[in-house]
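In this note's numbering, the protein residues as written are 51 to 163. Yeah, the Cβ is synthetic: ideal placement off N, Cα and C, and Gly gets one too. In this text, all values refer to a predicted model and were calculated from it rather than measured experimentally. Below you'll find the structure, written out as structure tokens, and then a few comments.
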């Protein structure tokens with residue numbers, strides 16, 4: 051991603067469902083890193099000058115399988131919205147969440163520089 055004409059920011063916000071705050075924070079950081087590793091800025095969106103923030107809600111079962119992805123706040127770009135949905139689906143599985151099944155909302159930001 052070095053040298054790309056954009057900045058990507060990803061943050062994860064826990065929606066519900068965890069035991070200890072430290073465990074939840076560590077798990078959230080791990081999931082955020084996994085999402086960031088798959089994050090990309092679609093070339094067609096770059097060419098069009100599309101920017102925006104999409105928020106996706108990810109459902110994770112007790113074993114860490116991503117069981118659902120929902121676009122809770124779309125961007126104005128259908129290209130970026132599709133990419134936001136694709137990222138968690140591509141990952142498929144994350145480490146099991148502490149405290150059992152949970153959901154988290156992840157804002158994904160695409161910004162051209």
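CB contact flag (residue i, residue j, <8 Å)
i           : j           : result
residue 141 : residue 100 : no
residue 147 : residue 77  : yes
Those residues which DSSP pairs with residue i across a bridge
i           : result
residue 115 : 143
residue 104 : 158
residue 121 : 106
residue 152 : 110
Member of the options whose CA lies at the smallest distance from the CA of residue i
i           : options              : result
residue 157 : 70, 146, 148 and 102 : 102
residue 82  : 161, 71, 93 and 137  : 137
residue 94  : 151, 79, 127 and 74  : 127
residue 104 : 73, 91 and 151       : 91
Rounded Cβ spacing between residue i and residue j (contact assumed at less than 8 Å)
i           : j           : result
residue 144 : residue 116 : 7 Å
residue 112 : residue 121 : No, residue 112 and residue 121 are not in contact; Cβ-Cβ is about 24 Å, not under 8 Å.
residue 161 : residue 109 : 27 Å between Cβ atoms; not a contact.
residue 139 : residue 119 : 6 Å
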